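Undergrad: If you use numbering that gives the first Met the number 0, the sequence shown corresponds to residues 0 to 773, in order.
Backbone N, C-alpha and C fix where the C-beta goes; we use that ideal spot for every residue, glycine too.
If you're wondering where the values come from, they're calculated on a predicted model, not measured in any experiment.
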Amino acid sequence: MFLTSLWRLYLFLVFSSIVLIYSTGHYVWSDVKNETLKEITYLHKLISRSAHDQLQQQAAMLKILSRRLIDIGLFENKKRSKILMDEILQDNRVFIAYGLATIDGELVIASSNLNPERLPNILNNPKSRKSFLHALERDSLTLGRTYFYQPLGQWIIPLRYAIRDNKGESVGVITTAIAVEGDHNPWKMMELDEHTYVVITKDSTSDDEYFTQYSNPSFPVDNEEMYDVAYPEEAIKEIKRNITAASGMDMESFMQSEEIVQYEFFDPVIGDSIIDTVAYNNDFEIFTSISRKYSSIVENFYATFLKYLALFVIFNLALYYIIRYVDRIQTESKQVLEFQACHDQLTSLPNRYYLEMFFKVWQEKIGDRYSVIYLDLDNFKIINDRYGHSIGDKILITLAGRLQSYCPQDAIIVRQGGDEFIFLMPYFATKKLHQFAEMISHRLKEKISVDTLEFSLSGSIGIAVSEKNDHVLDELLRKADLAMYEAKRSHTKYVFYSDRLQEVSNERARIEEALQNALENKEMYMVYQPQIDAQSGEVIGVEALIRWVHPTLGMVSPEKFIPVAESSGLIDSIGDYVVDTVLREFKEIQSRWRSLRVSINVSIRQLLRSDFRSYLKSKSTEYDVSPSNLVIEITESLFIEDLDQIDVLLSRIKNDGYTISLDDFGTGYSSLSVLRKLPIDEVKIDKSFVHDILTDSQDIALIKSIIGIGQSLNIPTLAEGVEELEQVVLLELYGCELFQGYFFAKPMDLRSLEYYLDEYTPNNYLKRKEMIRQ
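1) Rounded to whole angstroms, what's the CA-CA distance from residue 264 to residue 275? Just pull it up for me.
2) Would you grab the beta carbon distance between residue 702 and residue 692 for me? Rounded to a whole angstrom, and I think it's under 8 Å.
3) Just how far apart, CA to CA, sit residue 14 and residue 8?
4) Can you give, in chain order, each stretch of the alpha helix (DSSP H) that sits fully within the segment 231-311 and has at least 4 residues?
5) Let me confirm a value: residue 754 is counted as buried when at least 16 other C-beta atoms fall within 10 Å, else exposed. Which label applies?
6) In the structure shown, what three-state DSSP assignment does residue 183 receive?
7) How many Å lie between residue 518 and residue 573 at the Cα?
8) Rounded to whole angstroms, what's the CA-CA distance from residue 415 to residue 314? Just pull it up for me.
9) For residue 598, which three-state DSSP category applies?
10) With distances taken Cα to Cα, identify the nearest neighbour of residue 459 among 379, 176 and 508.
11) Between 354, 232 and 154, which has its C-alpha nearest residue 342's C-alpha?
12) Leaving out five residues before and five after residue 115 in sequence, what residues of the same chain have Cβ atoms less than 8 Å from its Cβ?
13) Using a threshold of 8 Å, state whether the C-beta atoms of residue 465 and residue 368 are closer than that.
14) Quick check on the burial criterion: 16 or more other C-beta atoms within 10 angstroms. Buried or exposed for residue 320?
15) Measure the alpha-carbon distance for residue 64 versus residue 80 and round it to whole angstroms.
16) Taking residue 353 as part of the alpha helix (DSSP H), name the residues at either end of that continuous run.
17) Let me check one thing: in DSSP terms, what residues is residue 147 bridge-paired to?
18) I'd like to confirm the pairing. Which residues does DSSP put opposite residue 26 in its beta bridges?
19) Run through the segment 29-54 for me and flag every whole beta strand (DSSP E) of 3 or more residues, listed as ranges in chain order.
20) Of all the alpha helix (DSSP H) runs that stay within the bounds of the segment 685-722, which reach a length of 4 or more residues?
21) If you draw a straight line from the C-alpha of residue 373 to the C-alpha of residue 746, how long is it?
22) In whole angstroms, what is the alpha-carbon distance linking residue 591 and residue 570?
23) Mind checking residue 388: buried by the 16 CB within 10 Å criterion, or exposed?
24) Can you check DSSP and say which residues form a bridge with residue 201?
25) What are the boundary residues of the beta strand (DSSP E) that includes residue 561?
26) Counting along the chain, where does the beta strand (DSSP E) carrying residue 664 start and finish?
27) Could you name each continuous alpha helix (DSSP H) segment of 4 residues or more that falls completely within the segment 457-505, going from the start of the chain to the end?
28) Ignore the nearest five residues each way along the sequence and tell me which others in residue 586's own chain have a CB closer than 7 Å to its CB.
29) Please report the distance separating the alpha-carbon of residue 293 from that of residue 218.
30) Near residue 526, what residues of its chain come up, given a Cβ to Cβ distance below 7 Å and the 5 sequence neighbours on each side ignored?
31) Rank 659, 716, 677 and 711 by C-alpha distance to the C-alpha of residue 683 and give the top, closest one.
32) If you compare alpha carbons, which of 513, 588 and 594 is closest to residue 563?
33) To the nearest angstrom, how far is it from the Cα of residue 690 to the Cα of residue 628?
34) Span of the alpha helix (DSSP H) holding residue 438?
35) Look at the alpha carbon of residue 561 and the alpha carbon of residue 32, and state the distance between them as a whole number of angstroms.
36) Distance check for residue 228 and residue 203, CA to CA, integer angstroms please.
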């Protein structure tokens with residue numbers, strides 16, 4: 000009877016697996032197809048928007064060029080007109096040549112890479128006549144039909160812009176071109192796979208002839224057939240039928256809407272069915288089509304579904320053998336599985352599942368009042384990264400045994416996962432919890448020997464005590480977790496949960512939510528605080544500081560939102576915004592103050608990002624800001640990472656010509672040996688030490704020590720937070736070389752900075768300093 004039940008179960012599972020594999024196949028097909036539609040629709044939006052923005056930018060440039068040409072006399076001053084076009088051609092690499100034609104189509108003036116005397120009349124060429132006449136009718140940029148231009152020896156996309164006098168009459172046409180296969184082709188922004196096609200079609204302006212404006216190289220047609228041959232009339236009719244059927248609109252409404260329409264059809268040129276997305280751009284009178292072969296979708300489906308099919312076969316074979324032997328192994332397996340389900344595989348400690356399963360039983364035994372202690376090891380990741388996970392696992396095994404031995408009677412220790420442990424304590428008295436937390440902190444430092452290595456650990460501990468009649472374990476664990484993170488943040492051994500921590504957590508949550516759209520809503524901006532040379536009194540640089548004003552939160556301090564941005568991953572976009580904005584704004588004033596430098600704060604996450612260095616270099620190049628004018632500020636918290644990796648990274652950045660400054664020195668992890676090892680060019684003394692330098696002997700001693708370290712390594716020091724002249728004199732007496740603070744100037748926006756630099760003279764500062772000395 001038992002075997003019969005098993006085989007019935009087996010047949011039921013086989014039947015269920017057949018239904019499941021069929022459903023899975025249907026789901027996978029729908030998912031692959033939907034993902035393909037999403038992908039090509041996204042590509043469509045990306046490519047269309049990028050091309051539209053580039054063309055709009057070039058249209059604006061041609062409009063400016065037309066006004067300048069009129070100002071210098073247009074055809075009456077051919078030499079100056081040619082020089083102007085050559086200058087623009089040199090500055091704007093998008094276009095490959097410029098020409099200036101009369102309204103009769105005669106090219107009279109051209110850039111130096113063309114000889115206008117040998118250029119044919121535009122109206123005499125059937126490939127350019129219609130678009131030229133159309134350009135005369137429009138007050139905007141007009142795209143011409145793509146064709147092979149013999150004088151340049153390449154396929155081009157012509158662009159034309161009518162020049163109008165003050166009466167609005169056309170007096171000439173600027174004609175230029177983009178190379179079809181050039182890097183500045185607006186539709187050639189990325190490499191696409193061989194199954195994806197981009198086709199741009201020029202709208203017919205006066206007849207029903209449609210020509211291809213551009214197609215990506217994977218399209219299986221040569222250039223002559225692609226660009227010189229009009230679409231067949233039947234093909235145009237079929238495409239229009241597909242569009243109207245898919246959109247539910249007539250062609251005129253579809254073109255006015257500029258919506259993206261999806262449909263499927265068989266393409267005889269490709270020889271396969273395709274999924275196509277098409278939209279119309281009214282500004283430039285073009286159809287954009289992004290499509291993908293249907294066969295590639297089928298291939299993707301099989302690539303995914305065959306895995307499930309293999310699992311289906313394996314499952315049924317395995318199930319068959321399991322059923323045959325289940326009677327013999329059932330009892331043994333049950334015992335093993337129960338232990339594995341309730342205990343950590345590495346340390347054999349109870350796991351979170353065990354805690355949830357047996358908490359009620361434990362609570363009934365202990366009573367309503369108890370406590371939870373949450374332990375997280377500090378920087379254990381560094382051990383794993385430097386010595387390998389096998390060493391880290393051995394340390395955890397040894398530590399788990401020790402922690403278990405420290406537990407009082409009736410306490411439960413659980414490995415939460417990774418390097419986190421939970422203690423469920425049978426008492427709630429604050430004094431006892433203090434003693435236990437102190438003991439754990441002390442015992443963690445005891446040496447752990449692994450092979451030939453010795454390790455000493457530290458941890459952050461959060462403690463939460465249950466309230467009377469509080470039976471919700473998850474809530475208590477959450478509170479202990481909050482306390483632990485506060486201990487880690489404040490570098491204290493342990494912290495008890497309080498309502499203040501919950502308020503801090505809620506505030507962080509509000510800040511994180513508000514940060515999501517801060518950049519998009521343009522709530523952030525940059526300010527700059529001058530940095531002064533101690534000897535000359537000259538402004539040698541500025542530090543760029545980010546500010547955030549939220550509609551409801553008001554002015555949010557960077558000290559509050561930067562840690563939230565780092566923990567949530569939003570720091571990447573904020574860091575990129577800072578680099579881009581600072582370099583763009585700095586370019587505006589660099590021509591007047593060429594020796595001025597600007598300091599940018601870089602977070603750990605941003606610095607360790609694989610593309611940070613290349614991004615920094617590309618932005619420096621884009622805004623023409625020399626690396627010698629840019630200071631990269633890093634914080635001491637960076638040194639908890641792998642020093643060898645940091646050394647290599649900073650050395651490469653320094654070799655690129657950038658200056659490396661160590662911010663907030665003396666507040667964290669750095670030491671003389673670290674400074675000697677890393678390529679640091681400047682040390683910044685934290686403002687917390689400068690604030691009480693006139694009254695606090697400990698701060699004086701520490702500042703002297705920092706300056707002395709800098710001098711011994713030939714590294715200049717910069718004091719932050721200088722607010723009084725007496726502080727300036729004292730810091731200079733100790734050997735500090737650079738100052739920054741409210742005594743000289745508050746952080747200010749770019750326009751205010753320009754005014755400050757214009758008005759600032761070091762004489763006043765030097766005189767006041769001399770008076771104090773006397």
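TA: So, from the data block:
1) 8 Å
2) 6 Å
3) 10 Å
4) 232-246 and 250-256
5) exposed
6) coil
7) 7 Å
8) 32 Å
9) strand
10) 379
11) 354
12) 98, 106, 107, 108 and 109
13) yes
14) exposed
15) 10 Å
16) 351-365
17) 154
18) Per DSSP, none; premise fails for residue 26.
19) none
20) 686-690 and 696-711
21) 42 Å
22) 32 Å
23) exposed
24) 210 and 285
25) Segment 557-567 is the alpha helix (DSSP H) holding residue 561; no beta strand (DSSP E) there.
26) 658-664
27) 472-489
28) 622, 623 and 624
29) 15 Å
30) 544, 546, 746, 747 and 748
31) 716
32) 513
33) 29 Å
34) 429-443
35) 41 Å
36) 14 Å
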